[in-house]
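Note that the sequence shown covers residues -27 to -1, 1 to 357 in mature numbering (1 follows the signal peptide of the UniProt record, and there is no 0). Reviewing the structure listed below.
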Amino acid sequence: MTVSLPRTAVLAAGLAAAALTLGACGAAPTAQTGGPGAAKAATATSARDFGGMAALIAAAKKEGGLNAIALPRDWANYGALIDGFTKKYGIKVKVENPDGSSQDEISAITSRKGQDRAPDVVDLGSSFALSAAQQGLLAPYKVASFDELPAQQKDAQARWYNDYGGYISIGCDARRVKKCPTTFAELLRPEYKGRVALNGNPTKSGSAFGGVYAAALANGGSFDDIRPGLDFFAKLKKNGNYTPVESTPATVEQGETPISIDWDYLNAGYAEEFKSKGVDWKVAVPEDGRFSQYYSQAVNKDAPHPAAARLWEEYLYSTEGQNLWLKGSARPALMAAMERNGTLDQAAAAKLPKVAGTPRFPTEAQQAKAKQVLGQAWGKAVSG
């Protein structure tokens, strides 16, 4: 894993055992959860179990802190969300390993069980949320707006629920690229030699995995068949257009990755960031390969700050929290519901890259099959 890579998500469950494990370096203190009320907080499945939001807030303030992990401040406006939560409730959010992966998050949960430095909450790639729930690592908790979340974007037992997401897009530095590509088919053109990058390795990165899936959809594949996407990148590699340099804001600024396949909310965010740096960053959602995916929120079953963890979720799924994600160019999970009830930030919504149609998502079985294919064949496809 490249440390500078933001929010990579390990996607092959079979690779989990071989993945980097964040073991404790020496003895670590046992979690101190704040007295007899902690047991109640650890089993609360809604704010009602506390006696209402006021009681939940009081319990969270008593705990006094929240342990988060793998949340870069410049990813989907997380900096504003963290600051907003602290300002609203006076609870300091400690973010460890901001550029970590979903596997790092899960490893921290499993290796630090019972320790006060274990993560309270996690923000996982969707496939990893599914596997974490199956492993019994997540606590069921229904936020106040749970019923408004689309059925296909939440666990029926409330162990996880989608928070924000977007579409795979093509970002392009119009200063360095004469004609920016807007489809996967165009990426094969000879003028893009050595210029096309992914945000990570698709066996580890959620955005890169999405990029290969989108390429599959653009080349005769389907949710059941990701291999055409693998073949597409093998072809890009063979004709010299694909670069193994993993794209980051730094590599874009330096001209190493002038064309980057990434989530639209990240590429759109970079466009704003790059204006002051002289980079004319254009963003397009390719019509020939529309692939949408969301990340998922969850509470660690053994969270050292169980009340603060649940209050964090309530904040994220409030109107304020959802609109802050929207201001970060991400599409919040409650977007449709907020559109209906008039609470959506229309100005922020108007800035999103335009996409037609309703997003569809691969099933758990389809994702598992796709992960297996990439785990076995990606290295060979782009090596050499």
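All C-beta atoms in this analysis are idealised placements derived from N, C-alpha and C, irrespective of residue type, glycine included. This structure is a prediction, so every number in the text was calculated from the model and none was measured.
The Cβ atoms of Val169 and Asn212 do not sit closer than 7 Å to each other. Of all alpha-carbon atoms in Phe58, Pro335, Leu160, the one lying nearest the alpha-carbon of Leu209 is that of Leu160. When secondary structure is reduced to three states using DSSP, Ser195 falls in the strand class. By the CB criterion at 7 Å, Val116 and Glu293 fall outside the cutoff.
When the Cα atoms are used, Ala158 and Asp128 turn out to be separated by approximately 36 Å.
Comparing alpha carbon positions, the residue from Ser100, Lys353, Tyr51 closest to Ala343 is Ser100. Closest in alpha carbon position to Val218, among Gly173, Ala188, Ala257, Gln88, is Gly173. The C-beta separation of Asp136 from Asp93 comes to about 15 Å, leaving the pair out of contact by the 8 Å criterion. The DSSP assignment places 38 to 42, 65 to 69 as complete runs of the beta strand (DSSP E) inside the region 27 to 93, in order along the chain (cut-off: 3 residues). Of the residues Arg333, Val256, Leu54, the one whose Cα lies closest to the Cα of Val66 is Leu54. Contact between Ser233 and Ser249 fails: their C-beta atoms lie close to 19 Å from each other, not under 8 Å. In this chain, the beta strand (DSSP E) harbouring Gly139 covers 134 to 146. Across the structure, Ala17 and Gly202 are spaced so that their CA atoms are roughly 43 Å apart.
Gln266 sits in a strand when the DSSP states are folded into three classes. Take the alpha-carbon of Leu29 and the one of Asn192: they are about 50 Å apart. Where Ala257 is concerned, the enclosing beta strand (DSSP E) starts and stops at 254 to 257.
Here Lys327 carries a coil assignment [DSSP, helix/strand/coil].
Spanning the alpha carbons of Asp318 and Ala49 requires a straight line of approximately 15 Å. Nearest neighbour of Val346 by Cα position, chosen from Phe196, Arg304, Tyr165, Ala81, turns out to be Phe196.
When only Cα atoms are considered, Ala91 and Lys166 end up about 45 Å apart. In the structure shown, the three-state DSSP call for Ser233 is strand. Val169: member of the beta strand (DSSP E) spanning 169 to 171, first to last residue.
In the DSSP assignment, Gln340 falls within the alpha helix (DSSP H) that extends over 337 to 355. DSSP places Asn296 in the helix class (H, G or I) of the three-state scheme. A check of alpha carbon separations from Leu103 across Thr156, Val185, Gln126 identifies Gln126 as the nearest.
Nearest C-alpha to Arg149 among Gly228, Ser178, Ala341, Asp204: Gly228. One thing to note: Tyr134 has its Cβ within 7 Å of the Cβ of Leu122. With distances taken between CA atoms, Gln130 lies nearest to Ala106 out of Ala106, Asp235, Ala147, Asp146. If you draw a straight line from the Cα of Leu239 to the Cα of Ser84, it comes to about 31 Å.
Boundaries cannot be given for Gly301, as no alpha helix (DSSP H) includes it and DSSP labels it neither H nor E.
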